[in-house]
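Protein chains in written order, with this note's numbering: chain X, 697 to 935; chain W, 116 to 440; chain L, 1280 to 1517.
Glycine included, every Cβ here is placed at the ideal spot set by N, Cα and C.
These numbers were taken from a predicted model, which means no experiment stands behind them.
Each remark here refers to the structure printed beneath this line.
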Amino acid sequence: MKVEVNDIRVQFGGVMPLDGVTVTFPGGTCGLIGPNGAGKTTFFNVLSGYVTPVNGSVRCDGVELLTMPDYKRARWGVRRTFQTEQAIEGLSVFDNVLTVYEHTAKGSRAEKKKAVDEALEFCGLLGVRDQLVRTLPAKERRFIEMARAVVGSPKVVLLDEPAAGLPDEETNELSVIIRSIPERSDATVILVDHDMALVQACCEWSAVLDFGRLLASGPTGDVLRDPKVLSAYLGEDEL
Amino acid sequence: MGAIVKHKAFEPGAIAVIVVFALFVAPSIFGAFWITNLTQMAVFSVVAASAGMLYGRVGLVSLGQVAPYGIGCWVTMRLAYATSLPFPVLLLIGGIVAAVIGMLIGLPALRVSGLYLALVTLMLAAALETVLGVLKFPNGGSGFSGVVTSLSDLAPMRRPGFAETDPAYFRFTVIVALLLFLLAYVFLAGKPGRAWASIRQSEPSAIAAGIAITQYKLIAFALAAFMAGVAGGLFAGSVQQSIGIDQFSRQAALFLIAVVLMGGVHTLWGALLAGFFSKVMLDLLTSYMVGGQFWNNFSLSLFGFGLMMNLIQSTKAMEKKGLLG
Amino acid sequence: MGILLYPGLVLNCALITLAYGWFLAPKLDRRDPLAKSLGMVAVALFLMGIMKDRWDTSKPRNLHFPSRTFTVADTVVSTTQILALAFALVVVVGVNLFLQRTSIGTAMRAIANNRETSALLGVPVRRIEAMAWFGAGILCGCVFLLLPSFVKSLDQGTLTWFVIPALGGAIVGRFRSLWITFFASIVIGVIESFLTPFSGALQFLSDFRRVTPVVISVLAILWISRRRTVVLAGREMS
């Protein structure tokens, strides 16, 4: 499913975190990379509806996302995870995922249970299904966020540094999950991460942002070899 | 941030013991004075539970929970004098009117959060005190306000036919309070409770989960106002006549938040404790302790002190958990 | 007594707030504004309890600031009224100047903006905050020299709850602008006075005039929050 982004412009006072970004995510698992402050999280916040751009459109599956109220976007199929994980401390793992499902899909009690358990299984969380999130370590919390993002039938999944703070081994586990999201629910995954190995492992296609503009896009391998991208990351002058 | 632990909030065994004690033992061992106190403790614990639920479960601080309490009390009384509807129906109507007004007030109030919400709700409590001060509580008269013009028309507020006596009315109050706690529990254990837990922890994350934040905050406001409104009706039946506005004043509003925080906002026990602090403890002190009247006057100081200690302690607890910077 | 009465009263007020600012406020300094304000609720309850015991309401009390009245265009005006208005203006101008021109004022603004960073930059946070409390106490003390002249019989409740209309002004000013607070408070006061003389069918306007600050501040909040903003934690926003 294509996500067509057209001329997104965001302004906070005199600052332009996004300055006319036009890019089409072709579907599957896509990377969105760039140095710190490039505008990646702002881009996600525009898609989630937390930030209203002064200009631009985001079309997906024939639907304009930006005119939808924020919480209705989740009901339509936009899901996301946050840089600082936001699993709900006071609820059990099951209830965490159920909360997302019951607000984004309709179904009988049995259907709810089935969908939530499927998502938990997909993320390898069935073992801690009934535990309180408060009692769980960081790894599980990250995976709970992932389960919250995939439960039911998401259309666009936004992952904001999902592996931040995880050791390599767990990051690998996570990348397996991320890669299998598109085939599981036919969703387009957009992955923001500083871990290039993770992006390369998960994404065939990537876009690069720098200073709020699109620097490059295309197959991940080509993009990472692009001299413009290299200089943006290494902070060198134009080559 | 103490979170939601369902089984802790509702320990069936302990609750059964308390209910059995309240229904079958208490009425036969306590005299009229203490039964009236215990009735008011049960009433007040419902109000405390409503304020505690908003703060502890939804993260909304309302300093104005005395407002729906007062509205419920007034409406129930006015209808009791004007109609012959059964008492439980009166309570229900009182609760619903309080909930509707609570929602109407909640609409603007919920656009702000944190400090502003607390201040606005405190101001609304003050506004209600002004209104009730002018209207006065009904006492058998006619017209909209139902206030008598000559003392010979003064009539006591009626009670349900099956609970005319103090002990019977106490039992009735305990049962209604229990039903209200159950109602709250049903909400907390279900979809609204999960949505509230999300909202309380992080609004952006709740939005990302598809939760209509304003709608669920309004549900919380309405539920809390309903509980307090029914409690107001129960209070009217317990006092029966010449109700003053003291119970519903600004001072009572601050007092309420103090005892609610001292009791604890996360469990049912907190609400009972708040009821005990405000309706039983003082009378115990004035009746049995040296000093008598001293305690009555200094009660506010005592609760001010308790609130401060509570705040300092919760700060320490938060520091320990690394929740503060 | 005599000449020392007024400064004594002001100092008394300031010492109470200073004591709070020095001993208790630091214990809550890392909490959110809401918890801090609950701390003030605690102090208010504590003081109200003491006053309830000490204040014999059977004896009416008065405290009249020395005053003269004169007539301007059929309206009786007292020097205290003019003094009150002038005092408010002086406070607004003075506090604004203090905050902008003096180093202590700058430190206060820095702390209000970001307490942690200010502390890291070497601002003596605790001392400055205590000064703010002391200053607030002095202002309050001065206010309560003038205010009782406009109240028929003093009791602790009436005086304590002057905070409600005051909050109305502060909310409209969003706790940021002293000028907006000043004008909002004047507007609230003027509306209340205009509602006072109604009687007959419009008696209710007079009866309910004390609701004015609530109505005004609710309207202000509706205006302020006409666009919903999502508050994102920390760096999620960038």
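(request) Please determine, among W:Leu298, W:Leu400, W:Ile372, the residue with the shortest C-alpha to C-alpha distance to alanine 389 of chain W. (result) W:Ile372
(message) Does threonine 1491 of chain L come out as helix, strand or coil in the three-state DSSP assignment?
(response) helix
(request) Tell me whether the beta-carbon of glycine 167 of chain W lies closer than 9 Å to the beta-carbon of valine 345 of chain W. (result) No, the Cβ-Cβ distance between glycine 167 of chain W and valine 345 of chain W is not below 9 Å.
(request) Say whether chain W places a C-beta atom closer than 9 Å to the C-beta of serine 1382 of chain L. (result) no
(message) At the level of alpha carbons, what is the spacing between leucine 222 of chain W and glutamine 180 of chain W?
(response) 15 Å
(request) Go ahead and pull the three-state DSSP assignment for cysteine 1419 of chain L. (result) Cysteine 1419 of chain L falls in the helix class under three-state DSSP.
(request) Note down, one range per segment and in chain order, each alpha helix (DSSP H) of at least 4 residues found wholly within the region 190-224 of chain W. (result) 202-224
(request) Find out if the Cβ-Cβ distance for the pair phenylalanine 1344 of chain L, serine 1428 of chain L is shorter than 9 Å. (result) Result yes, Cβ atoms of phenylalanine 1344 of chain L and serine 1428 of chain L sit closer than 9 Å.
(message) Any beta carbon of chain W sitting closer than 9 Å to that of proline 1286 of chain L?
(response) Output row for proline 1286 of chain L: interface = no.
(request) Anything in the region 1325-1345 of chain L with a Cβ closer than 7 Å to a Cβ of chain W? List those residues in chain order, please. (result) Phe1325, Met1327, Gly1328, Ile1329, Lys1331, Asp1332
(request) Quickly, what does DSSP pair tryptophan 901 of chain X with across the bridge? List them, please. (result) Secondary-structure assignment with DSSP links tryptophan 901 of chain X through a beta bridge to X:Cys726, X:Pro915.
(request) Below 8 Å between beta carbons is the criterion; list the residues of the region 789-805 of chain X that meet it against any residue of chain W, in chain order. (result) Asp791, Leu794, Thr795, Val796, Glu798, His799, Thr800
(message) Would aspartate 766 of chain X pass as an interface residue toward chain W - the criterion being a Cβ-Cβ separation below 9 Å?
(response) For aspartate 766 of chain X, the answer is yes, since a Cβ of chain W falls inside 9 Å of its Cβ.
(message) Is it buried or exposed, tyrosine 403 of chain W, if we count other Cβ atoms within 10 angstroms and call 16 or more buried?
(response) Under a 10 Å Cβ-count criterion, tyrosine 403 of chain W is classified as exposed, with fewer than 16 other Cβ atoms of the shown protein chains found around its own Cβ.
(request) Measure the C-alpha to C-alpha separation of asparagine 412 of chain W and isoleucine 784 of chain X and round it to an integer number of angstroms. (result) 44 Å
(request) Determine the contact status of isoleucine 874 of chain X and methionine 842 of chain X, defining contact as a CB-CB distance below 9 Å. (result) yes
(message) To the nearest angstrom, how far is the alpha carbon of threonine 264 of chain W from that of glycine 256 of chain W?
(response) 7 Å
(request) Select from X:Thr884, X:Phe907, X:Leu761, X:Val789 the residue whose C-alpha is nearest the C-alpha of glutamate 900 of chain X. (result) The shortest C-alpha separation from glutamate 900 of chain X is found at X:Thr884.
(request) Give, in chain order, every residue of the region 1298-1312 of chain L whose Cβ lies closer than 8 Å to some Cβ of chain W. (result) Within the region 1298-1312 of chain L, the residues whose Cβ lies closer than 8 Å to some Cβ of chain W are Leu1303, Lys1306, Leu1307, Arg1309, Arg1310, Asp1311, Pro1312, listed in chain order.
(message) Distance cutoff 9 Å, beta carbons only. Does glutamate 434 of chain W sit that close to anything in chain X?
(response) Taking a beta-carbon distance threshold of 9 Å, glutamate 434 of chain W does not count as an interface residue toward chain X.
(message) List, in chain order, every chain W residue whose beta-carbon is nearer than 8 Å to that of isoleucine 1443 of chain L.
(response) Leu237, Met238, Ala241, Arg365
(message) Within 9 Å of any Cβ in chain L, is that where the Cβ of histidine 122 of chain W sits?
(response) For histidine 122 of chain W, the predicted structure reports a pLDDT of 45, less than 50, and the residue's modelled location is therefore unreliable. A value from the coordinates is still provided. No, no contact with chain L.
(message) On the criterion of 16 or more Cβ atoms from any shown chain inside 10 Å, does asparagine 792 of chain X qualify as buried, or is it exposed?
(response) buried
(message) Is the beta carbon of leucine 338 of chain W closer than 9 Å to that of phenylalanine 302 of chain W?
(response) yes
(message) Quick check on DSSP: helix, strand or coil for proline 850 of chain X?
(response) coil
(message) Below 8 Å on C-beta distance, what does methionine 423 of chain W contact in chain L?
(response) Going along chain L in sequence order, the residues near methionine 423 of chain W (Cβ under 8 Å) are Leu1303, Gly1318, Ala1321, Val1322, Phe1325.
(request) Compute the distance between the beta-carbons of threonine 430 of chain W and alanine 1314 of chain L, then report whether it is under 9 Å. (result) yes
(request) Using 10 angstroms around the beta-carbon of lysine 1431 of chain L, count the other beta-carbons present and answer buried if the total reaches 16, otherwise exposed. (result) exposed
(request) Mind checking who aspartate 882 of chain X pairs with in its DSSP beta bridge? (result) In DSSP, aspartate 882 of chain X forms no bridge with anything.
(request) Tell me whether glycine 359 of chain W is buried or exposed, calling it buried when 16 or more other Cβ atoms sit within 10 Å of its Cβ. (result) exposed
(message) In this structure, how does DSSP classify glutamine 779 of chain X when only helix, strand and coil are distinguished?
(response) coil
(request) Leaving out five residues on either side along the sequence, give the residues of the same chain with a beta carbon under 7 Å from the beta carbon of leucine 397 of chain W. (result) Trp410, Asn411, Ser414
(request) Please classify arginine 909 of chain X: does DSSP put it in a helix, a strand, or coil? (result) strand
(request) Please name the residue, chosen from L:Phe1462, L:Ala1389, L:Leu1307, L:Leu1399, that lies closest to glycine 1230 of chain L on a Cα-to-Cα basis. (result) Coverage of chain L is limited to positions 1280 through 1517, which leaves residue 1230 of chain L absent and any answer about it impossible.
(request) In angstroms with no decimal places, state the Cα-to-Cα distance between glycine 261 of chain W and glycine 146 of chain W. (result) Taking the CA atoms as reference points, glycine 261 of chain W sits about 33 Å from glycine 146 of chain W.
(message) Please state the DSSP three-state secondary structure of phenylalanine 1441 of chain L.
(response) coil
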